[in-house]
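In our numbering, the protein residues as written are 1101 to 1384.
Quick reminder that beta carbons are idealized off the backbone N, C-alpha and C, glycines included.
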Ligand SMILES: O=C(O)CCC(=O)C(=O)O
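Right, dumping it as structure tokens:
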């Protein structure tokens, strides 16, 4: 798409080194402008070097975009969104965590499973260089919906956006995971480590992740809860409920794991939220 641009090896290496050092796309574009590059041409060059869609760079550098947005932790015991009653049944301060009942109806859970099933593949994780890879720590199967891909997906995304006070476009596409007996997701953080070499590239669009919502689409017969080992909490997986947790600034108490399913199966839908708009990126 950008094959007609000539990029010197030095410039290419500088862009890669700058993002690897933890700077985002807006910083790279600002520095290029200060050095006399035309902003439009800079965007094309950066898109080509970082293998990002050009449209996404417009989103990440949009001056009107709120920077460093945070989610609003639900405080009231009950919220009504679109006539949909959501209850907070457990609150924790560190990490900021809420167990939410009634986030999805039984029909919505069944609808997501039916839509996802034919598209399942071995779930991947993002390595320290920002690449998607098969990882022994995560043995489930999964798939991503694009943001706003279908009316059901859009309705759920809008509900989460209203509940948490962040625009829908700060969300990554909804991920569906399916676990069978013995499958699990070992303890991990959802936020990206700024010390890792791929940090600048992973966060170039949308910035850092700020919060997660894990929604349970079925009730496993046994096992499959979401554990938070730093605080000694396990959230039981129950159809239609969810666990929301926030981790601005890389909160280490947000360490969590999908415990092994010991009988039956487990289906979840996960929404990760970013501090800035995130343009409908499918995992690379
Ligand atoms: O399966 C779970 O309960 C947790 C899933 C999870 O940690 C994730 O998708 O990041």
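Residue i classed as buried or exposed, judged by whether at least 16 other C-beta atoms fall within 10 angstroms
i, result
"residue 1294", "exposed"
"residue 1166", "Any reading at residue 1166 is ruled out, since the residue's pLDDT is 42, under 50, leaving its predicted position unreliable."
"residue 1282", "exposed"
"residue 1341", "buried"
"residue 1320", "buried"
"residue 1112", "exposed"
"residue 1164", "Any reading at residue 1164 must be qualified, since the residue scores a pLDDT of 36, below 50, and its modelled position is unreliable; no value is offered."
"residue 1280", "exposed"
"residue 1174", "buried"
"residue 1240", "buried"
One or two residues paired with residue i in a DSSP bridge
i, result
"residue 1148", "Bridge partners of residue 1148: none, in fact."
"residue 1312", "1345 and 1372"
"residue 1285", "1238 and 1358"
"residue 1179", "1186"
"residue 1322", "1363"
"residue 1244", "1275"
"residue 1191", "1198"
"residue 1222", "1241"
Whole-angstrom distance between residue j and residue i, CA atom to CA atom
i, j, result
"residue 1195", "residue 1141", "42 Å"
"residue 1370", "residue 1136", "43 Å"
"residue 1134", "residue 1301", "21 Å"
"residue 1114", "residue 1366", "45 Å"
"residue 1222", "residue 1379", "24 Å"
"residue 1368", "residue 1360", "13 Å"
"residue 1311", "residue 1183", "24 Å"
"residue 1149", "residue 1297", "16 Å"
"residue 1306", "residue 1278", "27 Å"
"residue 1258", "residue 1179", "14 Å"
"residue 1316", "residue 1119", "36 Å"
"residue 1185", "residue 1217", "28 Å"
"residue 1324", "residue 1337", "6 Å"
"residue 1176", "residue 1108", "56 Å"
Residue i - DSSP class collapsed to helix/strand/coil
i, result
"residue 1140", "helix"
"residue 1239", "coil"
"residue 1347", "coil"
"residue 1291", "coil"
"residue 1172", "coil"
"residue 1303", "coil"
"residue 1273", "coil"
"residue 1331", "coil"
"residue 1117", "helix"
"residue 1128", "helix"
"residue 1256", "helix"
"residue 1377", "coil"
"residue 1211", "helix"
"residue 1217", "helix"
Same chain, Cβ closer than 6 Å to residue i, neighbours up to 5 away in sequence not counted
i, result
"residue 1197", "1345"
"residue 1254", "1248"
"residue 1245", "1253, 1273 and 1274"
"residue 1351", "1195"
"residue 1318", "1339 and 1367"
"residue 1269", "1377"
"residue 1375", "1168, 1169, 1307, 1308 and 1310"
Proximal residues to residue i (C-beta, below 8 Å), its chain only, five neighbours per side dropped
i, result
"residue 1287", "1327, 1329, 1355, 1356 and 1357"
"residue 1206", "1339 and 1340"
"residue 1105", "1141, 1144, 1145 and 1148"
Contacts around residue i, its chain only, beta-carbon distance under 7 Å, and the 5 residues preceding and following it disregarded
i, result
"residue 1265", "1171 and 1172"
"residue 1208", "1252 and 1256"
"residue 1353", "1194, 1195, 1330 and 1331"
"residue 1304", "1119, 1124, 1125, 1150, 1152 and 1160"
"residue 1132", "1142"
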